[in-house]
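Residue numbers (mature numbering (1 follows the signal peptide of the UniProt record, and there is no 0)): -16 to -1, 1 to 160.
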């Protein structure tokens, strides 16, 4: 009885081989080896990227500390100079000026941004009645010690209160 069972299993195995597609085991093993090599290469590349990312994260963290220290120093520079920003380091800076006022026939909203007593840009808006606003911005390459400030032209005006309708702001884009 046991002998017959074994023969039947062999018959089924032979039948399955005849009905199944022809598989070349050596080709399949080669494909597996190729995939293993590619996988190891990708794992190595991933590890390199992780190491690089860790290094970049540390570098960014150190920059954050430096920027916070510089922000404090810049705030001190503005306070010391009573509204005149003195550039602490060579770099490209962005400055934005927003001004608002109540319009009148004889009054327009006008203010100007200056660098070292040279006019850079103005904001201007005029209408006979109601609140009006104007804005402008610029990116400048500045040298250490340059001075940047906003000036109100004679005969013109801007409005501000606790809601800060008129603002002047700037920041360092990148150090040169």
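Idealized CB from N, CA, C, for every residue including glycine.
Please read all numbers here as calculations on a predicted model, not as lab measurements.
Just how far apart, CA to CA, sit residue i and residue j?
{"i": "residue 133", "j": "residue 106", "result": "12 Å"}
{"i": "residue 112", "j": "residue 85", "result": "12 Å"}
{"i": "residue 41", "j": "residue 35", "result": "10 Å"}
{"i": "residue 163", "j": "residue 32", "result": "Given that the chain is displayed from residue -16 to residue 160, the structure contains no residue 163 and the question cannot be resolved."}
{"i": "residue 15", "j": "residue 39", "result": "36 Å"}
{"i": "residue 51", "j": "residue 73", "result": "Residue placement at residue 51 is flagged as unreliable, the pLDDT there being 48, under the threshold of 50; the coordinate-derived value follows with that caveat. Those two C-alpha atoms are separated by around 12 Å."}
{"i": "residue 98", "j": "residue 110", "result": "21 Å"}
{"i": "residue 7", "j": "residue 13", "result": "11 Å"}
{"i": "residue 28", "j": "residue 22", "result": "10 Å"}
Please determine, among the options, the residue with the shortest C-alpha to C-alpha distance to residue i.
{"i": "residue 147", "options": "41, 74 and 83", "result": "83"}
{"i": "residue 123", "options": "103, 93 and 157", "result": "157"}
{"i": "residue 141", "options": "19, 80 and 118", "result": "118"}
{"i": "residue 131", "options": "86, 38 and 101", "result": "101"}
{"i": "residue 137", "options": "91, 144 and 152", "result": "91"}
{"i": "residue 120", "options": "150, 8 and 30", "result": "150"}
Taking C-beta to C-beta, are residue i and residue j nearer than 8 Å?
{"i": "residue 78", "j": "residue 126", "result": "no"}
{"i": "residue 129", "j": "residue 69", "result": "no"}
{"i": "residue 75", "j": "residue 160", "result": "yes"}
{"i": "residue 143", "j": "residue 81", "result": "no"}
Less than 8 Å between the CB atoms is what I'm expecting for residue i and residue j, so what's the real figure, rounded?
{"i": "residue 116", "j": "residue 87", "result": "5 Å"}
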